[in-house]
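One structure is given below, encoded as structure tokens.
2 protein chains.
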Amino acid sequence: MDSASQILDIAERRMRKAGFNAVSYRDIAAEMNLKSASLHYHFPKKEDLGVALVQRYSERFEALVEADTADLETPQEKITVFVRSYRNAFEEDGLVCLCAVLGAEAPGLPDPVASEVKQFFERMIDWLTAQYEDLSFAAPRAQAQSAISLLQGAMIVSSATGDEAIFEASANTILVAFKPAH
Amino acid sequence: MDSASQILDIAERRMRKAGFNAVSYRDIAAEMNLKSASLHYHFPKKEDLGVALVQRYSERFEALVEADTADLETPQEKITVFVRSYRNAFEEDGLVCLCAVLGAEAPGLPDPVASEVKQFFERMIDWLTAQYEDLSFAAPRAQAQSAISLLQGAMIVSSATGDEAIFEASANTILVAFKPAH
DNA sequence: GTCTATAATTTGATAGAC
DNA sequence: GTCTATCAAATTATAGAC
């Protein structure tokens with residue numbers, strides 16, 4: 053794999069654990085057996101690294117959702133798979149969404165990074181709003197905003213307490229709306 | 053006001069904006085027209101400052117909820133006021149909950165600080181669980197976990213996007229369960 | 001309690017050789 | 001692309017005077 057991607061991989065994992073300011077060029081370089089100066093060739097400033105990080109994360113996530121929901125026909129199915137994608141991503145590597153972490157410290161981030169985080173959330177909400185519109189919900193955007201907020205918050209609270217049941221309960225709240233009444 | 057409280061005030065405001073690692077003794081001291089060395093008299097290590105910060109935040113928040121809900125009789129009223137307390141705290145100063153920010157970077161925090169954050173969430177969930185139990189909800193704890201997650205996530209997404217409507221929509225999702233059917 | 005002085009370490013970043 | 005060398009600034013922290 054090329055160095056740039058490797059840098060992004062390591063930076064992403066570390067930032068999802070501890071935030072933007074807790075990750076240093078030196079730490080990343082050490083893990084790659086490189087010198088920190090070499091990283092500046094790929095990402096001159098940390099701000100550049102941050103922007104590239106969120107952009108890649110954003111594109112990757114959208115591509116994943118697109119791929120997983122492409123063959124589905126109903127909005128219910130699409131939302132269900134969307135939530136499960138989030139759950140899988142969270143449970144597999146045990147890391148909170150990159151934008152949940154960066155979003156929490158957004159006012160302290162370099163402006164271009166904060167802007168990318170903002171766009172990530174807006175795209176997520178737009179996508180989910182479209183699904184709720186197809187379902188003729190009375191307030192599709194409010195529904196989407198709540199669902200995204202719930203997922204993001206659940207990852208944080210679940211991670212901070214070490215209680216996976218919190219995420220499960222929250223994800224289930226979104227899905228239960230589609231279960232047939234008994 | 054005594055210096056310790058003043059330090060905590062400034063540190064809290066800054067950390068709620070940008071996270072634990074973005075706040076330095078120097079910055080805090082400068083705002084007080086002090087030298088950074090003086091701060092170490094009150095909080096020898098940054099870890100001590102972090103613990104004191106979360107403890108004070110936690111106690112203050114619980115006292116506020118206790119005071120606001122003491123005279124209320126029904127769980128519905130208590131939950132409603134609880135959510136409104138969160139909303140007021142968020143909208144008045146425009147800052148995300150301290151534990152939302154620290155919770156997002158929990159794996160990167162000093163252990164004693166992370167432990168305090170964890171306890172904050174557990175206490176919040178316990179309190180809310182008790183209310184849902186009184187309402188005879190089928191899964192009171194799951195309900196409480198979802199509600200806390202939703203509030204925390206809504207602050208973050210709302211703050212990161214600059215869209216206050218997101219928090220409003222999310223808070224309303226919790227409250228709407230009590231509105232009489234028309 | 002706050003100061004001066006200072007230390008040790010870390011950090012983001014640059015210049016220039018290979 | 002990666003290295004060595006280096007830098008200026010920032011950061012946590014301590015010792016000891018006042």
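Quick note, the sequences are listed as chains A and B, same order. Under my numbering, the first residue of the first sequence carries the number 53, and numbering increases by one thereafter. Under my numbering, the first residue of the second sequence carries the number 53, and numbering increases by one thereafter. Ideal placement from N, C-alpha and C gives every residue a C-beta, glycine not left out. Since the structure is predicted, the reported quantities are computational estimates derived from the model, not experimental observations.
Going by alpha carbons, who is nearest to residue i out of the options?
i: residue 177/B; options: 109/A, 206/A, 58/A; result: 206/A
i: residue 110/A; options: 174/A, 201/A, 191/A, 184/A; result: 174/A
i: residue 211/A; options: 213/B, 204/B, 217/B, 215/B; result: 204/B
i: residue 217/A; options: 121/B, 195/B, 229/B; result: 195/B
i: residue 56/A; options: 101/A, 116/A, 72/A, 66/A; result: 101/A
i: residue 163/B; options: 70/A, 197/A, 53/A, 226/A; result: 70/A
i: residue 134/A; options: 123/A, 226/A, 117/A; result: 117/A
i: residue 223/A; options: 143/A, 98/A, 85/A; result: 143/A
i: residue 214/B; options: 128/A, 79/A, 170/A; result: 170/A
i: residue 127/B; options: 66/B, 85/B, 187/B, 119/B; result: 187/B
i: residue 98/A; options: 191/A, 168/A, 76/A; result: 76/A
i: residue 58/A; options: 68/A, 91/A, 72/A; result: 91/A
i: residue 125/A; options: 183/A, 208/A, 227/A; result: 183/A
i: residue 145/B; options: 209/B, 86/B, 68/B, 156/B; result: 68/B
i: residue 66/A; options: 226/B, 201/B, 156/B; result: 156/B
i: residue 193/B; options: 192/A, 208/A, 225/A, 193/A; result: 225/A
i: residue 202/B; options: 191/B, 168/B, 185/B, 152/B; result: 152/B
i: residue 228/A; options: 208/B, 141/B, 191/B; result: 191/B
i: residue 165/A; options: 62/A, 54/A, 72/A; result: 72/A
i: residue 168/A; options: 209/B, 84/B, 115/B; result: 209/B
i: residue 130/A; options: 138/A, 121/A, 85/A; result: 121/A
i: residue 54/B; options: 78/B, 79/B, 84/B; result: 84/B
Using a Cβ cut-off of 7 Å, pull out every chain A residue sitting near residue i, in sequence order please.
i: residue 74/B; result: 73, 157, 160
i: residue 198/B; result: 202, 221, 222, 225
i: residue 63/B; result: None at all; the shortest Cβ gap to chain A is about 13 Å.
So residue i and residue j are supposed to be a Cβ contact under 8 Å. How far apart are they, rounded?
i: residue 64/A; j: residue 154/A; result: The pair is not a contact, with the Cβ atoms about 11 Å apart (cut-off 8 Å).
i: residue 180/A; j: residue 199/A; result: 6 Å
i: residue 104/B; j: residue 113/B; result: Rounded, the Cβ-Cβ distance is 15 Å, inconsistent with contact.
i: residue 108/B; j: residue 147/B; result: Actually they are not in contact, since the Cβ atoms of residue 108/B and residue 147/B sit about 15 Å apart, beyond 8 Å.
i: residue 106/A; j: residue 189/A; result: Residue 106/A to residue 189/A, Cβ: 29 Å. No contact.
i: residue 132/A; j: residue 230/A; result: 7 Å
i: residue 74/A; j: residue 160/B; result: 5 Å
i: residue 197/B; j: residue 221/A; result: 5 Å
Using a threshold of 7 Å, is the CB atom of residue i nearer than that to any non-hydrogen atom of the ligand PLP?
i: residue 73/B; result: Among the components modelled here there is no ligand, and therefore nothing to report on the ligand PLP.
Residues of chain B with CB closer than 7 Å to the CB of residue i, please, in chain order.
i: residue 201/A; result: 202, 205, 206, 209, 218, 222
i: residue 70/A; result: 157, 159, 160
Strictly below 8 Å CB to CB, what residues from chain A border residue i?
i: residue 168/B; result: Correct list: empty, because the minimum Cβ distance to chain A is about 10 Å.
i: residue 174/B; result: 213
i: residue 153/B; result: 156, 157
i: residue 182/B; result: Ordered by position in chain A, no residue passes the 8 Å Cβ test against residue 182/B, which lies about 16 Å from the chain.
i: residue 89/B; result: In chain order: nothing, as chain A lies at least about 23 Å away.
Starting from residue i, find everything on chain B with Cβ-Cβ shorter than 8 Å and list it in chain order.
i: residue 165/A; result: Within chain B, no residue comes near residue 165/A; the closest Cβ sits about 11 Å away, beyond 8 Å.
i: residue 148/A; result: 156
i: residue 229/A; result: The premise fails here: residue 229/A is roughly 11 Å from chain B at the closest Cβ pair, so nothing lies under 8 Å.
Using the beta-carbon of each residue, which ones in chain A are nearer than 9 Å to residue i?
i: residue 82/B; result: In chain order: nothing, as chain A lies at least about 17 Å away.
Identify the contact partners of residue i in chain B, using a Cβ-Cβ distance below 9 Å as the criterion.
i: residue 190/A; result: Within chain B, no residue comes near residue 190/A; the closest Cβ sits about 11 Å away, beyond 9 Å.
i: residue 56/A; result: By Cβ distance, chain B contributes nothing, its closest Cβ being about 24 Å from residue 56/A, past 9 Å.
Query - Secondary structure, alpha helix (DSSP H): runs of 4+ residues fully inside the segment 168 to 224 of chain B - result: Runs of the alpha helix (DSSP H) inside the segment 168 to 224 of chain B: 192 to 213.
Query - Proximal residues, the segment 121 to 146 of chain A versus chain B, C-beta separation under 8 Å - result: Contact residues of the segment 121 to 146 of chain A toward chain B are absent (C-beta to C-beta distance below 8 Å).
Requested in this report: Taking a Cβ distance cut-off of 9 Å, strictly less, list which residues of the segment 96 to 120 of chain A are near chain B, in chain order.
Outcome: Answer set for the segment 96 to 120 of chain A: empty.
Query raised in the report: Can you give, in chain order, each stretch of the alpha helix (DSSP H) that sits fully within the segment 61 to 122 of chain B and has at least 4 residues?
Result: Runs found: 77 to 84, 88 to 94, 98 to 121.
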